[in-house]
Amino acid sequence: LKEKHKILHRLLQNSTSPVEL
Amino acid sequence: PEAADLRALARHLYEAYLKYFPLTKAKARAILSGKSGDNVPFVIHDIKSLMEGEQLINNGQTSFQEHNIGSDPPDGVELRFFYSCQSRSAEAVREVTEFAKSIPGFVNLDLNDQVTLLKYGVIEVLILMMSPLMNKDGTLISYGQIFMTREFLKSLRKPFCQMLEPKFDFSVKFNTLELDDSDMALFLAVIILSGDRPGLLNVKPIEQLQETVLHSLELHLKINHPDSLQLFAKVLQKMTDLRQMVTDHVQLIQLLKKTEVDMFLHPLLQEIMKDLY
Chain W
1 LKEKHKILHR LLQNSTSPVE L
Chain H
22 PEAADLRALA RHLYEAYLKY FPLTKAKARA ILSGKSGDNV PFVIHDIKSL
72 MEGEQLINNG QTSFQEHNIG SDPPDGVELR FFYSCQSRSA EAVREVTEFA
122 KSIPGFVNLD LNDQVTLLKY GVIEVLILMM SPLMNKDGTL ISYGQIFMTR
172 EFLKSLRKPF CQMLEPKFDF SVKFNTLELD DSDMALFLAV IILSGDRPGL
222 LNVKPIEQLQ ETVLHSLELH LKINHPDSLQ LFAKVLQKMT DLRQMVTDHV
272 QLIQLLKKTE VDMFLHPLLQ EIMKDLY
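Chains as they are written, first to last, in my numbering: chain W, 1 to 21; chain H, 22 to 298.
Listed below in structure tokens is the structure:
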């Protein structure tokens, strides 16, 4: 599941700035 | 002591809500009722005003162009506006994720389950959070800088004109419950902590967390709205409507993918919507 949701996973693991989105 | 803990939880979630969501209901209602001083939104009611407002839209949020996906923005006012909505939605997913992480116990859940809860809950939360921005005549967008009329949205070509109309219908009814930001914070947490999402590995701890937030919401509504009968039950009933709206919304997006050849769907939104229902 984590593999299929890499961005969501990244958001959960650390704060991502809007630019990185 | 138990009631004190539930009150503390309500306060904590309200503070997190204020921290992560830039446009609160209090601010939005002030703008909509013209009580926000100089903060008068630009009104988009036709193509001409949309063109003028596009500058504002793209200043207020990451524009499609900034994503630089290797091609020029497609023609068509509907698609351009749709891309702006996608950028704002992706940013809102980030805000909801930060809020979810602030729910006590959430980050201790299995990481796969955290992903699942967000995947299934985030569009429900986003639709719910549109309600404070809407009235029967239109909606605030772009962090409250713009008011777009419902009639203009209805005049867009199909299926774009069908995307927001169900949200207006829901919002007008939901707004009659008169929840404030502190109520909303607890309700959002209840939605996120739904133990019946498909594919969850460890349901028990999620249900336990939700149970606590539900108690906190029930108590908070009694204190905050002493004269509103059965408000807790009425609020919970809205969860069924939200699920149906997400199903319909995702179907519309799937339709768009088929009919709009050049359409680009934001990678984060793609992740969320893929195999959702």
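Each residue gets a CB set at the ideal place from its N, CA and C atoms; glycine is no exception.
Every value quoted in this text rests on a predicted model; they were computed, and no experiment measured them.
Identity of the residues DSSP links to residue i by a beta bridge
i: N14 of chain W; result: According to DSSP, N14 of chain W bridges with nothing at all.
i: T118 of chain H; result: Per DSSP, none; premise fails for T118 of chain H.
i: L147 of chain H; result: Paired residue(s): none; L147 of chain H is not in a bridge.
i: L161 of chain H; result: H:F168
i: I124 of chain H; result: Beta-bridge pairing links I124 of chain H to no other residue.
i: N156 of chain H; result: H:G159
i: V64 of chain H; result: H:F168
Rounded distance between the beta-carbons of residue j and residue i, thought under 8 Å
i: P153 of chain H; j: K56 of chain H; result: Contact flag wrong, Cβ pair sits at about 15 Å.
i: L12 of chain W; j: K122 of chain H; result: 7 Å
i: L39 of chain H; j: S237 of chain H; result: L39 of chain H to S237 of chain H, Cβ: 17 Å. No contact.
i: F173 of chain H; j: I65 of chain H; result: 6 Å
i: I227 of chain H; j: G216 of chain H; result: 4 Å
i: N156 of chain H; j: D204 of chain H; result: Not quite, the Cβ-Cβ distance comes to about 19 Å (not below 8 Å), so this is no contact.
i: T268 of chain H; j: Y298 of chain H; result: 5 Å
i: L277 of chain H; j: P180 of chain H; result: 6 Å
i: L185 of chain H; j: P62 of chain H; result: Not really, about 17 Å apart at Cβ, beyond 8 Å.
i: H5 of chain W; j: V143 of chain H; result: 11 Å between Cβ atoms; not a contact.
i: K140 of chain H; j: F195 of chain H; result: Incorrect: roughly 23 Å between the Cβ atoms, too far for contact.
i: L289 of chain H; j: V114 of chain H; result: 6 Å
i: I212 of chain H; j: E116 of chain H; result: Going by Cβ atoms, the distance from I212 of chain H to E116 of chain H rounds to 15 Å, so no, they are not a contact pair.
i: D131 of chain H; j: N223 of chain H; result: 5 Å
i: Y35 of chain H; j: A254 of chain H; result: 22 Å between Cβ atoms; not a contact.
i: H287 of chain H; j: A111 of chain H; result: 5 Å
i: F208 of chain H; j: L200 of chain H; result: 7 Å
i: I124 of chain H; j: L235 of chain H; result: The Cβ separation is near 13 Å, so there is no contact.
i: I167 of chain H; j: I78 of chain H; result: 7 Å
i: M266 of chain H; j: K175 of chain H; result: Actually they are not in contact, since the Cβ atoms of M266 of chain H and K175 of chain H sit about 17 Å apart, beyond 8 Å.
i: A148 of chain H; j: L71 of chain H; result: First, the amino acid is wrong: residue 148 of chain H is Ile here, not Ala. Contact flag wrong, Cβ pair sits at about 23 Å.
i: E232 of chain H; j: L100 of chain H; result: That pair is no contact at about 44 Å.
Min CB distance residue i to chain W below 7 Å
i: L289 of chain H; result: yes
i: V136 of chain H; result: yes
i: Q86 of chain H; result: Because Q86 of chain H carries a pLDDT of 44, less than 50, the predicted location of this residue cannot be relied on, and the following value inherits that uncertainty. False, the Cβ-Cβ gap to chain W never drops below 7 Å.
i: E292 of chain H; result: yes
i: L139 of chain H; result: yes
i: A25 of chain H; result: no
i: N89 of chain H; result: For N89 of chain H, the pLDDT reaches just 40, beneath the cut-off of 50, and the residue's location in the model is therefore unreliable, although a value from the coordinates is still provided. N89 of chain H does not count as touching chain W.
Output the residue ranges of the alpha helix (DSSP H) runs that lie fully inside the segment 167-233 of chain H and measure 4 residues or longer, sorted by chain position. Taken in chain order, the complete alpha helix (DSSP H) segments of 4 residues or longer contained in the segment 167-233 of chain H are 171-176, 186-196, 202-213.
Note down, in chain order, all residues in the segment 100-133 of chain H with a beta-carbon under 9 Å from any beta-carbon belonging to chain W. From the segment 100-133 of chain H, only S108, A111, E112, V114, R115, T118, E119, A121, K122, V128, L132, N133 have a Cβ closer than 9 Å to chain W.
Contact set between the segment 254-265 of chain H and chain W, restricted to residues whose Cβ is under 8 Å from the partner: Listed by position along the chain: nothing, the set is empty.
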